[in-house]
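Here is the structure:
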């Protein structure tokens, strides 16, 4: 298994990298299907108003010669599709359109409809600050006409490498940023907007797209620790460990008191086989944040790999206290208890792991093997090991353990079959194969 494959597998089971989300508690804005309105009141009031792509194409043509301009996207919060309430949002949309139309006439602006609950406008030769002030005036004016609130995202050209056409897209990213502050918020596009956009792509599985967003964010704000950390996470998931370490090191230099980047650097060292360096980073991170589950968990795992079972147990028990519903931590605790000759506690830990995750093949196999060592019910022990193989048929160790249980029950043919499969999968079971063959030959003679 390559390091990259191992990284992806571990990410799925432990989410070991810590991504610096702007607001983990923020929930995505629900989307609603707008009720059909015939005829459209907005078009009746403003028959020349353009919508969607026609509006954008017209605006780009008008702004072609502009050296600078700003844009805003306004969205009605909690847009309702219930027919009995449609009039409320329609009235609010009309009021917003009237206000925006007035401002655009004054500032030579262009406005149009983007979606059923959204209006957009461009202000030629105006800065983002102008649009921000205008947005606040729009919100204030709307309070006298409707009880609905609106959120507004703002962006401007020029901004680093973005094209004119991308300004509206950036305004939408600012609008997503505004959603983190709740209804009625107004945000101007910045590095945090890109961090949020990159975070969204990360969680959608678009790692290359997330990297591009984070890189752009750093062009806007090179000293943003959260963005450096998030970029390093993406490099780590791609298996680009040198880039990841370089990025995390930059984040640490910018803020040595930020535990995420210290821990993530340790994780890269661990995945690179540099256990001592990894342990140093993990302990540094724990000095900064003592109660983060991922740091406690990976520190315990690392101690277990290094053969320091006492420290492994100590940190894994703390991790279990911090996150009692994480099944994987109990599986590793079970391994610690086995190494410490505490079979009863090990069995209890494996049971917890299986209860929390019935498909934990490693815990099932370990519990079956432990029952065999303890002389517990052989049928149950074999059942657990069979289940582990059903889930992970290509694991040589799991095959070997099942073979051992069969051998203990004098089931020679099934045992031989499992040991042969274990050898093919890379587990050294040749001694057991020879032993069974000798017994079969003795039995035949």
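Residue numbers (the numbering used here): 40 to 484. Backbone N, C-alpha and C define an ideal beta-carbon position, used for all residues, glycine too. What you are looking at is a predicted structure, and each value in this text was computed from that prediction instead of being measured.
Discussion item. How far does the alpha helix (DSSP H) with residue 253 in it extend, from its first residue to its last?
Written reply: Counting along the chain, the alpha helix (DSSP H) containing residue 253 begins and ends at 246-259.
Would a C-beta distance cut-off of 7 Å place residue 283 and residue 264 closer than the cut-off?
-> no
Going by the beta-carbon positions, is the gap between residue 424 and residue 404 smaller than 7 Å? The criterion of a C-beta distance shorter than 7 Å is satisfied by residue 424 and residue 404.
| field | Own chain, CB closer than 6 Å to residue 336, minus 5 neighbours either side, in chain order | value | 358, 368
Measuring CA to CA, which of 371, 361, 332, 329 is closest to residue 340?
371
DSSP state of residue 50 mapped onto helix, strand, coil
With a pLDDT of 37 at residue 50, under the threshold of 50, the modelled position of that residue is not reliable, and no figure is offered here.
_Spatial neighbours of residue 458 within its chain, please: C-beta separation below 6 Å, excluding the five flanking residues on both sides._
442, 468, 471, 472
Original post:
Do you know offhand how far residue 166's Cα is from residue 107's?
Top reply: A direct Cα-to-Cα measurement between residue 166 and residue 107 gives close to 7 Å.
Rounded C-alpha distance that separates residue 352 from residue 450 = 36 Å
### Message
Helix, strand or coil, according to DSSP, for residue 377 in the structure here?
### Response
helix
Item to check | Sub-7 Å separation of residue 379 and residue 348 beta-carbons | outcome: yes
Three CB pairs or more closer than 8 Å across the segment 185-198 and the segment 218-236 = As far as the Cβ criterion goes, the segment 185-198 touches the segment 218-236, which means the pair count is three or higher.
- In chain order, what residues of the same chain lie with their CB nearer than 6 Å to the CB of residue 98, ignoring the 5 residues before and after it? The beta carbon of residue 98 is closer than 6 Å to those of 149, 161 in its chain, skipping five residues each way along the sequence.
**Request:** State the Cα-Cα distance for the pair residue 230 and residue 198, rounded to the nearest angstrom.
**Result:** 11 Å
task = For residue 234, count neighbouring C-beta atoms within 10 Å of its own C-beta (all shown protein chains included) and say buried if the count is 16 or more, exposed if not.
result = buried
Would you please state the rounded distance, in angstroms, between the beta carbons of residue 440 and residue 407? I believe it to be under 8 Å.
6 Å
- prompt: Smallest Cα separation from residue 19: which of 116, 345, 319?
  reply: No answer is possible for residue 19: it lies beyond the span of the chain, which begins at 40 and ends at 484.
Have a look at 365, 109, 250, 328 and flag the residue whose alpha-carbon is nearest the alpha-carbon of residue 208.
Of 365, 109, 250, 328, the residue nearest in Cα terms is 109.
Can you look up residue 241 in the DSSP assignment and give me helix, strand or coil? helix
Item to complete: Can you grab the Cα-Cα spacing for the pair residue 400 / residue 224, in whole Å?
Response: For residue 400 and residue 224, the distance between alpha carbons rounds to 48 Å.
ask   = What are the boundary residues of the beta strand (DSSP E) that residue 113 is part of?
value = 108-115
Which residues in the same chain as residue 10 place their Cβ atom closer than 7 Å to its Cβ, once the five residues preceding and following it in sequence are excluded?
Absent from the structure is residue 10, since the part of the chain shown begins at 40 and ends at 484.
Please state if the CB of residue 151 and the CB of residue 100 are separated by a distance shorter than 7 Å.
no
Among 156, 196, 154, 136, nearest to residue 180 - alpha-carbon criterion: 136
task: Provide the residue span of the beta strand (DSSP E) that contains residue 152, from first to last.
output: 149-154
For the ligand MG, I want to know if residue 253 counts as a neighbour, meaning its beta carbon is within less than 6 Å of at least one of the ligand's heavy atoms. The model depicted lacks the ligand MG and carries no ligand whatsoever.
Q: Take residue 142 as the anchor and find which of 154, 169, 156 has the nearest alpha-carbon.
A: 169
**Study point:** residue 419 burial status per 10 Å Cβ neighbour count (16 or more: buried)
**Key:** exposed
- Beta-carbon contacts of residue 345 that lie in its chain and below 7 Å, excluding the five residues immediately before and after: Counting only residues of its own chain and dropping the five nearest sequence neighbours on each side, residue 345 has a CB closer than 7 Å to the CB of 314.
message: For residue 283, report the span of its alpha helix (DSSP H) as first-last.
response: 280-293
Quiz prompt | Residue from 310, 295, 316, 311 with nearest C-alpha to residue 328 | solution = Ranking the options by Cα distance to residue 328, first place goes to 295.
_Top-ranked residue by Cα proximity to residue 435, from 293, 454, 462_ = 462
Next on the checklist: Out of 447, 55, 80, 270, which one is the CA nearest neighbour of residue 248?
Outcome noted: 270
Query - Residue from 466, 455, 465 with nearest C-alpha to residue 477 - result: 455
Verify whether the separation of the beta carbon atoms of residue 366 and residue 386 is less than 7 Å. No, the pair does not count as a contact, with Cβ atoms beyond the cut-off.
Nearest candidate by alpha-carbon position, reference residue 116, set 171, 178, 164 | When each option's Cα is compared against that of residue 116, the closest is 178.
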